[in-house]
Structure formats: C-alpha cells, structure tokens
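K.L.:
Sequence positions in the sequence shown follow the working numbering and run 159 to 525. Virtual Cβ for every residue (Gly too), placed ideally from N, Cα, C. First the structure, which I've put down as structure tokens, then a few questions once you've had a look.
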Amino acid sequence: MINSPRIIRNGLRNFLYNQRLFSKFLLSSMNLTTEAKKSNGPTGIVFLNMGGPSQLSEVKNFLFRIFTDSDLIPLGSMQKWLGSLIAKLRTPKVSNYYRKIGGKSPIYRWSKLQAEEVCKILDKTCPKTAPHKPYIAFRYSAPLTESVLLEMLNNNITNAVAFTLYPQYSCSTTGSSLNELHNQIQRLNIHDEINWSVVDRWPTHDGLINAFKNNIIETLKTYPESDRNDVIILFTAHSLPMSIVNRGDPYPLEVAATVYAVMEKLNFSNPYRLVWQSQVGPSTWLGPQTDHVITNFTRMGKRNIILVPISFVSDHIETLFELDLKYIADAKKSGFNGAGIFLLFKIYLGNWIIFYHFSIPPDLTIP
C-alpha cells in the first residue's frame with residue numbers, strides 16, 4: 159500500500175547557525191557603497207517584501223493596498239475605485255484562507271528572524287559598517303515603508319542597504335517596493351539623510367541554485383530507485399498578468415533562468431515543468447496554471463511529483479494554503495490517493511541568510 163501524499167519542508171535551518179559555512183562568503187561579498195565605506199555604522203539592512211496580515215481584521219486593508227497598487231495589478235484610471243471594490247469582495251474569501259492557516263501570515267515572524275540573524279553575522283564579519291540594524295519594510299502591511307524610514311532616522315542611520323526578498327525582479331514586486339521607498343523618501347524630504355544601496359534581484363545566485371539542487375536531490379532519494387528518474391519536478395512560481403509581461407517585465411525570464419540553472423546542476427536528470435499559481439481575476443496571466451498541470455498529470459497516470467516553489471522566500475498564503483491545502487487536496491481528488499507527491503519547500507526566512515549576501519554595485523542607488 160502506498161503512503162498518503164507527503165509534504166517536505168526542508169528549509170536548511172541547520173545551516174543558519176553554522177558560522178563556518180557562511181562567514182567567509184559574507185566577508186567576500188559584503189560591499190557597501192563608497193560613501194558607506196568612508197564612515198562607520200550604524201548601517202540599516204532593510205528587507206523588502208509584500209508583507210501579510212498579522213490578524214484577520216487586517217485582511218481588508220492588506221487587500222486594499224494590493225489592488226490599488228498599479229505597479230502590481232494595473233487597473234487603469236479607475237484603479238482606486240475598482241481596487242477598493244475588488245478588495246472588499248475578496249476579503250471574506252481571503253480571510254477564510256488565512257483562518258485555515260492560523261488566522262495570520264507568518265511572514266513577519268520569519269522576516270524578523272532573518273533580519274536579526276543577518277545583522278548579528280554582519281556585525282562580526284563586517285566591522286567597518288557595524289553596528290548593523292535590521293528593518294522590515296512591507297509594501298502592503300505593517301511595518302510600512304514610511305514608518306520604517308522614520309524609525310531609521312530616529313536611530314541615526316546614515317547608510318542603508320535595501321535588500322529585496324524577491325529572487326526574481328519584477329516591476330510589480332521589487333519595482334513596486336523600490337518605488338514606494340523612493341516616494342516616501344521624496345515625501346519626507348530626506349534625500350541626503352541616508353546613503354542607499356540596493357540589491358534588487360538574485361535569480362541565479364550560486365547559493366540559491368545549490369540550495370534548490372541539494373533539497374531536490376535529498377527529496378528524490380526518498381523515492382524507490384526504480385522510480386527516481388521518472389519523478390516530475392514542477393517548479394511553481396507566482397503568476398503575473400500578461401499586460402505586465404507584454405511591457406517587457408523581466409520576471410518570467412528570470413524565473414525561467416532560476417529553473418534552468420537548477421536543472422543544469424541536476425544534469426537534467428528528471429522531467430520538469432515551470433508552472434504558475436495565484437492568478438486573480440478574469441484577465442490573462444502567465445500559464446500554465448499549477449493546479450491544472452497537477453490535475454492533467456494525475457489523469458495521465460503520472461503519480462510522482464515534486465512541487466518546488468521557485469519564487470517564494472517564506473511561508474505565506476500561497477504556500478501554506480494553495481500548495482499545502484488546495485493543490486495537495488486537489489491532487490488527491492484527481493487520483494493521487496496514495497501516490498508520492500512531495501512539496502519541496504525551498505526556503506524559510508532565516509534559512510537562506512548564509513547564501514544570499516551580494517556585492518552591491520556603487521552606482522546602484524535609489525534616484
């Protein structure tokens with residue numbers, strides 16, 4: 159009898175506290191702007207992400223900010239009105255999703271852990287820019303960018319690194335966060351108060367690719383050797399409206415680059431597909447959709463699948479609800495029953511610290 163579908167969450171947490179594995183890497187890659195090097199800290203390390211509601215009562219405002227952000231979901235001249243309406247209509251459904259994963263998003267908890275650990279490491283490995291102060295700047299929930307900037311000013315931060323938690327760049331994600339950072343700097347008139355550097359993407363960073371490769375290899379080992387080379391690897395990424403893609407957004411190419419680099423490390427040992435999830439509304443988005451592909455494979459008798467969230471850096475609604483509860487359950491309904499489906503969850507915030515510190519080009523600053 160075959161066991162029920164299994165979910166693997168190998169976030170490499172054991173590496174987080176192994177100083178030997180990442181101290182040398184941090185020393186070689188931590189490179190602030192020329193201005194920052196001339197002076198000591200404090201240095202702010204600002205982690206940019208979308209955020210998530212910390213309680214159910216925050217879901218409506220969270221959705222309002224999402225759907226009224228024209229960088230993320232362009233709705234034309236009626237953006238604010240239509241976005242507000244969509245947020246209101248979706249609040250009950252999305253609130254129910256969050257209720258099923260504990261009533262809140264865990265993204266702040268993981269972000270805080272990661273930021274604190276990064277700064278502890280940087281204090282030891284980069285004393286010239288120490289002390290390093292951790293900050294979380296969410297785009298759609300507290301702590302919002304404005305409040306973070308005010309906190310940084312109160313802490314006398316003069317040098318800062320804006321570090322995106324989106325591995326692949328999109329104008330709708332990292333671009334939106336950087337636009338908001340720029341707009342708030344303009345609004346507060348603090349252009350000369352803080353020297354900024356930016357890390358805006360890291361789709362093929364060796365640490366990222368090796369983390370995927372190693373986790374996939376370990377997961378493949380859980381299959382019988384006779385079945386191992388036939389296991390299908392589904393890389394699932396957050397989808398994007400085609401209206402944004404058609405403007406030349408690099409996101410789909412950068413996601414594909416991550417997938418290709420991982421499979422290249424694996425010597426293309428298994429069949430694989432890139433699929434897309436979390437589409438919203440009737441407009442055309444990137445496809446094929448993750449749930450459709452899973453269903454089609456099960457109908458074809460393909461019973462061994464590894465799901466790899468390729469564009470997510472923490473647990474939130476897309477991983478905890480869509481992948482864990484919806485797609486796995488749908489796979490069972492589609493005929494998996496006792497088949498061997500795995501969710502290989504890539505990263506928890508706080509686990510990829512050791513891999514993802516980058517040289518920051520001196521000319522890459524917020525305008």
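#1: Could one say the Cβ of Phe426 lies closer than 9 Å to chain C's Cβ atoms, at least one of them?
#2: Please identify the residue among Phe205, Leu424, His450 and Gln447 whose C-alpha is closest to the C-alpha of Glu275.
#3: So what's Thr316 in DSSP terms, helix, strand or just coil?
#4: Assuming Gly333 and Asp229 form a contact by the criterion Cβ under 8 Å, report the distance between their Cβ atoms to the nearest whole angstrom.
#5: Who does Ala295 pair with in a DSSP beta bridge?
#6: By the 10 Å Cβ neighbour count, where 16 or more other Cβ atoms means buried, how is Ser215 classified, buried or exposed?
#7: Comparing C-alpha positions only, which one of Thr362, Pro292, Tyr266 and Phe220 sits nearest to Tyr409?
#8: Just confirm the distance between the C-beta atoms of Ser319 and Ile203, as a whole number of angstroms; I'd bet it's less than 8 Å.
#9: Compute the distance between the beta-carbons of Arg297 and Ser335, then report whether it is under 9 Å.
#10: Is it buried or exposed, His450, if we count other Cβ atoms within 10 angstroms and call 16 or more buried?
#11: What's the gap between the Cα of Tyr256 and the Cα of Lys286?
#12: Could you give the C-beta distance for Glu338 and Thr303, rounded to a whole number, given that I count them as a contact under 8 Å?
#13: For the alpha helix (DSSP H) containing Arg267, name the first residue and the last one.
#14: List in chain order: all unbroken beta strand (DSSP E) runs of 3+ residues lying wholly within the stretch 350 to 387.
#15: When DSSP labels each residue in this structure, what does Pro440 get in the three-state scheme?
#16: Please name the residue in Met208, Ser212 and Ala245 whose C-alpha comes closest to that of Cys329.
#17: In angstroms with no decimal places, state the Cα-to-Cα distance between Gln344 and Leu307.
#18: Compute the distance between the beta-carbons of Pro467 and Glu412, then report whether it is under 9 Å.
#19: Measure from the alpha carbon of Asn314 to the alpha carbon of each residue in Pro289, Asn425 and Cys277, then state which is nearest.
#20: Counting only the same chain and skipping the five closest in sequence on each side, list residues whose C-beta sits under 6 Å from that of Ile244.
#21: Looking at C-alpha atoms only, which residue of Trp239, Lys371 and Arg248 is the closest neighbour of Phe220?
#22: CB Ser263 to CB Ser235, shorter than 9 Å?
P.N.:
Let's see:
#1: Annotation note: the requested chain C is absent from the structure, which comprises a single protein chain.
#2: Phe205
#3: coil
#4: 6 Å
#5: Leu206
#6: exposed
#7: Thr362
#8: It is worth fixing the name first, because residue 319 is Val in this sequence and not Ser. Yes, they are in contact, since the Cβ atoms of Val319 and Ile203 sit about 5 Å apart, within 8 Å.
#9: yes
#10: exposed
#11: 43 Å
#12: 5 Å
#13: Ile265 to Thr283
#14: 353 to 357
#15: coil
#16: Met208
#17: 11 Å
#18: no
#19: Pro289
#20: Phe225
#21: Arg248
#22: no
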